[in-house]
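A.B. asks:
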Amino acid sequence: MTAFEANATASNMTDFAAAAESILLARLKDDPIRATWTGLHDYDAELPDVTPEGLARSQTALQAHIATLETFTPGDLTPAERVDHQLLKSELDVELRELMERRPYAHDPTVYPSLAADAAYSILAREFAPLTARVPSVVARMAKIPAMLETGMRNLERSPKIWTEIAIDETQGTIEFFGETVRPLLGDDARGLTACTSVLDALARYERFLKETHAQRDGTPFAVGRAYFDYKLTHEHLLPYTSQSLLEFGEEAVRHTELRLREVAEVIDCDATWSELVERLRAASLPEGDLLGHYRRGLDKAREFVVSRGLVTVPEGEVLEIVETPSFQRPTIPYAAYMAPGPFDARQQGLYYVTPIDSSASAQAQREQLVGHNLFGMLLTNVHEGYPGHHLQLVVANEKAPSLVRRLHDSSVFCEGWALYCEQLVLDEGLDPDPRTRLFQLKDQLWRACRVVIDVKLQTGGMTFDEAVAMLVDVAKLERVNAVGEVRRYTLSPTQPMSYLVGKEQILDLREREKTRLGSSFDLRAFHDRLLSQGSLPVAAIERSLAAGA
């Protein structure tokens, strides 16, 4: 029995709390890779069962869990439990519908190389134990990967053509990961080296299957359609939008942000457009010398500002380490990214990945990479990824969320919305009064506004792939190669691209309602502390908790 299972049987638990924790722990057992990411290591030698029989068992288990939750009525529950009940029920409902209707294991060829990479990377990414203690689990999982990939080839039917292209790229990246990152860690471990060779051979077979067999099948549309998109908005994200009203919100956000960009550009240089100014400033603000050192100094400045201004309480013991992006992830992380500690990790250490300049690239390519790390953008990236953005939000959620339901819930609308909200917050509070920094903040907000429009139109049939790329290039001013990469990801993740700006606006709206509710007793730091302590929940659920004191 794990510590978490023991806790679930504690005598002071209500019936609902015990049922919810039992459901969540059963789900982690059935999804060993997710369990590893959360910091629960009982299943580090296992992989999820993606055979038809295993998927049928998953469907049956989801239906049973939902039936268990339906035995509880609102009158049985405390205000806090009513929030947890809604969160868990909606999560299970969405996953069941996804499994039954969208059938990702039959239609999404990216699933299998992603599982293969995550199987090893989830164990290697965090130092929860000495490497020598973690490698045997990696080897045990590697021994199971070839069979999983073979199952994937049997499971797959037709897919959108673009997904097959993405899957080929991901498979090649996964081959590189096992060959260049995992194999050197195995030393002279004969069993491990044999398992790694088998994984590489299986991935090569999967790549050939994608190119020679799967790519020849008739393609299917990637768009989920209006009904399913609306379902995700209301059931997964608990949003008050339909696809049509969300589209109207996004289009208005594009217009408003473009107006603000023109206003700020006028202050800086009345003879230049905002996009001309951005290009000029990017090229003129290159970090010199130690790139990671620049990020570390900027991160320290952001953290000190949060503490000195009392914007939000920084928990004791949190650690954020800036490291170079692992080589196999650099093709998909051109500049920076954040990896949070799991909610069950004893040490709350986040990893802030910064992709170094590729010394093997041409001089022009190296300069373009350096321009992407410009100092104005770096300031906002430190805020977004570090303080008070993703890192601070997620370690507070891990420490403070009052139930296992909330510790494990992961709302992209809240997480991404909070990080984008923080970019505006720190400038409003005086971190950098330079209008040039505000220009960059608004430029990035315009990109997020375009994402809202594209997300809706792309997934409801109102925009083609090429039209989405054109909007990012023409309106948000992204480089074409980056725009193509963006839209490829959007096709796989309906309702995720809209999360950033929608979440930010929801937090701003909630702040205003809390100001009205509390009047003169409203305190910004207290609001942020209460907000983050609920966990990574949809804003509607957080508001219910705040109002009920739950």
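Residue numbering for the sequence shown follows this note's numbering, beginning at 5 and increasing consecutively.
All C-beta atoms, glycine included, are put in the ideal place defined by N, C-alpha and C.
#1: Please report how far the alpha carbon of arginine 162 lies from the alpha carbon of glycine 293, in whole angstroms.
#2: Beta-carbon separation of glycine 254 and alanine 453 under 9 angstroms?
#3: Helix, strand or coil for glutamate 116 per DSSP?
#4: Nearest by alpha-carbon distance to alanine 21: which of Pro150, Pro501, Gly434, Val409 is it?
#5: Consult DSSP for alanine 12 and reduce its assignment to one of helix, strand or coil.
#6: Which residue marks the beginning of the beta strand (DSSP E) containing valine 323, and which one marks its end?
#7: Mark glutamate 490 as exposed unless 16 or more other C-beta atoms lie within 10 angstroms of its C-beta, in which case mark it buried.
#8: Can you have a look at leucine 522 and say buried or exposed, based on whether 16 or more other CB atoms are within 10 angstroms of its CB?
#9: Since tyrosine 391 and arginine 307 should fall inside the 8 angstroms C-beta cutoff, what is the C-beta to C-beta distance between them, to a whole number of angstroms?
#10: Can you list, in chain order, the stretches of the alpha helix (DSSP H) that have 4 or more residues and sit fully within the stretch 253–298?
#11: Pairing CB atoms from the stretch 229–246 with CB atoms from the stretch 530–544, are three or more of them under 8 angstroms?
#12: Hey, would you say arginine 38 sits closer than 9 angstroms to glutamine 353, going by beta carbons?
#13: On the CB-based measure, 16 or more other CB atoms within 10 Å of its CB, does threonine 329 come out buried or exposed?
#14: Any idea what DSSP makes of aspartate 35, helix, strand or coil?
#15: Would you kindly work out how many angstroms separate the C-alpha atoms of isoleucine 546 and lysine 305, rounded to a whole number?
#16: Can you look up leucine 243 in the DSSP assignment and give me helix, strand or coil?
#17: Where does cysteine 274 land, buried or exposed, given buried means 16+ other C-beta within 10 angstroms?
#18: Quick one: what's alanine 340 bridged to in DSSP?
#19: I think alanine 123 touches threonine 178, with their Cβ atoms under 8 angstroms apart; what is that distance to the nearest whole Å?
#20: Classify serine 366 as helix, strand or coil using the three-state DSSP reduction.
#21: Since aspartate 234 is in the alpha helix (DSSP H), which residue starts that stretch and which ends it?
#22: Just the C-alpha distance for aspartate 349 and phenylalanine 132, rounded to the nearest angstrom, thanks.
#23: Given this structure, state the Cα-to-Cα distance separating leucine 512 from glutamate 252, to the nearest angstrom.
#24: Tell me whether serine 540 sits in a helix, a strand or coil according to DSSP, three-state version.
#25: Ends of the alpha helix (DSSP H) at tyrosine 47?
#26: In or out: proline 347 buried (at least 16 other Cβ within 10 Å) or exposed?
#27: For arginine 230, collect the residues of the same chain with a Cβ closer than 7 angstroms to its Cβ; drop the 5 residues on either side in sequence, then sort them by chain order.
#28: Assign lysine 215 to buried or exposed, taking buried as 16 or more other Cβ atoms, counted over all protein chains shown, within 10 Å of its Cβ.
#29: List the whole-angstrom C-beta distance separating alanine 380 from serine 289, where the pair is believed to meet the contact cut-off of C-beta under 8 angstroms.
#30: Give every residue of the same chain whose Cβ lies closer than 6 angstroms to the Cβ of alanine 551, excluding the five residues on either side of it in the sequence, and list them in chain order.
#31: Since proline 83 and proline 164 are thought to touch, with beta carbons under 8 angstroms apart, how far apart are those beta carbons, to the nearest angstrom?
#32: Let me make sure I understand the geometry here. Which of Met475, Leu250, Ser537 has the alpha-carbon closest to that of leucine 505?
#33: First and last residue of the alpha helix (DSSP H) that includes valine 87?
#34: Is alanine 123 close to chain D? Criterion is C-beta to C-beta, closer than 9 angstroms.
#35: For valine 477, which residues of its own chain have a beta-carbon under 7 angstroms away from its beta-carbon, when the five flanking residues on both sides are left out?
#36: Tell me whether proline 437 is buried or exposed, calling it buried when 16 or more other Cβ atoms sit within 10 Å of its Cβ.
C.D. replies: Taking the geometry as given:
#1: Rounded to whole angstroms, arginine 162 to glycine 293 spans 49 angstroms at the Cα level.
#2: Taking 9 angstroms as the cut-off, the Cβ atoms of glycine 254 and alanine 453 count as close.
#3: The residue you asked about is not glutamate; residue 116 is tyrosine in the sequence shown. The three-state reading of DSSP puts tyrosine 116 in helix, counting H, G and I together.
#4: Per the Cα distances, Val409.
#5: Residue confidence for alanine 12 is low, a pLDDT of 45 falling below 50, so the modelled location carries little weight and cannot support an answer.
#6: From DSSP, the beta strand (DSSP E) with valine 323 extends over 323–328.
#7: Per the 10 Å Cβ criterion, buried.
#8: Its Cβ having fewer than 16 others within 10 Å, leucine 522 is exposed.
#9: Contact holds; Cβ gap of about 4 angstroms.
#10: The qualifying runs are 278–288.
#11: Yes, since at least three Cβ pairs between the stretch 229–246 and the stretch 530–544 fall closer than 8 angstroms, the two stretches touch.
#12: Going by C-beta atoms, arginine 38 is not nearer than 9 angstroms to glutamine 353.
#13: The residue in question, threonine 329, is buried, as its Cβ has 16 or more Cβ neighbours within 10 Å.
#14: Three-state result, aspartate 35: coil.
#15: Roughly 30 angstroms between the two C-alpha positions.
#16: Collapsing the DSSP output to three states places leucine 243 in coil.
#17: Flag for cysteine 274 reads exposed.
#18: Partner(s): Val358.
#19: That pair is no contact at about 10 angstroms.
#20: In this structure, serine 366 counts as coil in the three-state DSSP scheme.
#21: 230–235 is the span of the alpha helix (DSSP H), which, as asked, contains aspartate 234.
#22: Rounded to whole angstroms, the gap between the alpha carbons of aspartate 349 and phenylalanine 132 is 7 angstroms.
#23: Roughly 18 angstroms between the two C-alpha positions.
#24: Strand.
#25: Premise fails: tyrosine 47 is in no alpha helix (DSSP H) and is neither H nor E.
#26: Buried, since its Cβ has 16 or more Cβ neighbours within 10 Å.
#27: If the five residues before and after arginine 230 are omitted, its C-beta is found closer than 7 angstroms to the C-beta atoms of Ser247, Thr464, all from its own chain and listed in chain order.
#28: That one is exposed.
#29: Before going further, note that residue 380 is phenylalanine rather than alanine in the sequence given. Approximately 6 angstroms separates the beta-carbon atoms of phenylalanine 380 and serine 289; this is inside 8 angstroms, confirming the contact.
#30: Around alanine 551: no qualifying Cβ.
#31: Rounded to the nearest angstrom, the Cβ distance from proline 83 to proline 164 is 43 angstroms, too far for a contact under 8 angstroms.
#32: The shortest C-alpha separation from leucine 505 is found at Leu250.
#33: For valine 87, the uninterrupted alpha helix (DSSP H) run begins and ends at 83–101, by DSSP.
#34: The structure shown contains no chain D, having only a single protein chain.
#35: Cβ neighbours of valine 477 beyond the five flanking positions: Arg484, Ala487.
#36: Exposed, since its Cβ has fewer than 16 Cβ neighbours within 10 Å.
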